[in-house]
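In the numbering used here, the protein residues as written are 333 to 792.
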């Protein structure tokens, strides 16, 4: 029987299992990104300058936190392999080593935040925009210390297939963030109005809440209690930490190759004015919400592939991937239609400025195309993480976004090489090109890796 053609009932069974993981993960991811979207929405109700400042500061934080996420994601497939093989004592040991790693990573994150504030000061932006952006980023010095530890808990739970805390706690954090944003940004309940800076403080409080919830769950939940994650706490094991970094650093660079492409756009168009930056903020943040759908499926594939590999069943791993690709293709087309249909309403929801609305509505057309191609490359990347194949995917991402897409995007947006400069639209053309090239490369790499694993098993 060909390995790529499981029967329909098997495919449906795999789809249900994937969705049982992906659904809660998507909900949890949407809640996290929804916090940033809430920040953008609240700032947009004040002025275009406040909106631009929060977007600029948020772009710098996005690069930093996604690099941290990438490093800590190296923990997930290792946990998945140990869990799939039934080695519970190694799950505990791995969790403890990841916590040790979170300490220096948190310090490095804070150095990155301070450097980001410095970069913000070097941009060609009004003094008021810089001041709001700086005050928005300062509370992230608190968030940054806790963020790596939070992801240790999260990747440990996800590696074991326990995604309940991600869904429940992130959902609660999203609601808490809305309340805190409203109170701190606009000055309610006797609290002085802090503007965009209030959104930064809301994030710090929410991160504290999330870390406490995760730590308590690790000790008290029925699933985790048997593992005794805090018992017999092991000393720092350099080999174990290097093992995490061997996977995590390429994953982080892989994510950064794409995300830095997106994050650098507001910095490069800052001189075009607050209207352009604000419109880009609306489009990119709504697109980020939609992006959580393929990201959730990708995370579910990482878990399922890692477990199948740990159990010595590469055929099952490949079948899960094929089902996952079909799911994200359909979901990607659905979200593309919604972006096109609702683009004007979404733009008006976030800003009352007609110029901002017009530019944002146009950008949603690019976002619709981007989401359709980006969903497949993200899902393939998640599958390859499950196989612990991270170096070639990194090379593919770097070449796609920086070797191919960036020169085209820059020349289209800010030079007259191709005619009249397209401004922000040129960068969005570049994102579509980069995601398309990465998708082709990563899908090809996944096909090679998955078939090799099956052939290696058959040759034993």
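Beta carbons: idealized from backbone N, C-alpha and C, even for Gly.
Residue 412 counts as buried, since no fewer than 16 other beta carbons sit within 10 angstroms of its beta carbon. For the 8 Å CB-CB criterion, residue 504 and residue 431 do not form a contact.
Note on residue 750: under 16 other CB atoms within 10 angstroms of its CB, so exposed under the neighbour-count rule.
For the pair residue 621 and residue 362, the CB atoms are nearer than the 8 Å cut-off. By the C-beta criterion, the region 417-433 is judged to be in contact with the region 556-563, since at least 3 inter-stretch pairs fall below 8 Å. Excluding residues up to 5 positions away in sequence, 338, 651, 652 and 655 lie with their Cβ nearer than 8 Å to the Cβ of residue 346 in the same chain. The closest CA to that of residue 415, considering only 648, 475 and 492, is found on 492. Annotated as distal: residue 611 and residue 718, with beta-carbon spacing of 8 Å or more. For residue 684, the three-state secondary structure derived from DSSP is coil. In terms of Cβ geometry, residue 764 and residue 701 form a close pair [threshold 8 Å]. Runs of alpha helix (DSSP H) with 4 or more residues, each lying fully within the region 446-529, are found at 459-469, 472-491 and 496-518, listed in chain order. Around the beta carbon of residue 675, 16 or more other beta carbons sit within 10 angstroms, so the residue counts as buried. A Cβ-Cβ contact shorter than 8 Å links residue 741 with residue 761. Here the alpha carbons of residue 665 and residue 704 stand approximately 6 Å from one another. Within 10 angstroms of the beta-carbon of residue 748 lie fewer than 16 other beta-carbons, which makes it exposed.
About 6 Å separates the CB atoms of residue 627 and residue 710; that is less than 8 Å, so the two are in contact. Taking the C-beta atoms as reference points, residue 683 is found nearer than 8 Å to residue 614. For residue 750, the secondary structure class from DSSP, reduced to helix, strand or coil, is coil. Within the model, the alpha-carbon separation for residue 516 versus residue 537 is close to 11 Å. Separation of residue 644 and residue 506 (C-alpha to C-alpha, rounded to the nearest whole angstrom) is 39 Å.
For the pair of segments examined, the region 574-583 was found not to touch the region 522-532: the number of CB pairs separated by less than 8 Å stays below three. A residue is called buried once 16 or more other Cβ atoms fall within 10 Å of its Cβ, and residue 706 is buried on that count.
Spatial neighbours of residue 539 in its own chain (CB-CB distance under 6 Å, excluding positions within 5 residues in sequence) are listed in chain order as 475 and 478. When the five nearest sequence neighbours on each side are left out, the beta carbons in the same chain lying within less than 6 Å of the beta carbon of residue 375 are those of 382, 383, 386 and 528, in order along the chain. Under the three-state reduction of DSSP, residue 562 is assigned to coil, being neither helix nor strand. The C-beta distance from residue 357 to residue 632 rounds to 6 Å, short enough to fall under 8 Å. In the displayed model, residue 418 falls within coil according to three-state DSSP, outside both helix and strand.
Proximity to residue 634 across 406, 602, 398 and 470 peaks at 406, based on C-alpha coordinates. Taking the Cα positions, residue 508 is about 47 Å away from residue 784. In the DSSP assignment, residue 622 falls within the alpha helix (DSSP H) that extends over 606-642.
Residue 371 and residue 378 have their C-alpha atoms roughly 11 Å apart.
Just measuring C-alpha positions, the residue of 445, 776, 759 and 743 sitting nearest residue 608 is 759. Residue 404 is positioned such that its CB atom lies closer than 8 Å to that of residue 487. Cβ-Cβ distances below 6 Å link residue 354 to 628, 629 and 632 in the same chain, with the five nearest sequence neighbours on each side left out; the list follows chain order. Its chain contains 760 as the residues whose beta carbon lies nearer than 6 Å to that of residue 698, once the 5 sequence neighbours on both sides are disregarded; these appear in chain order.
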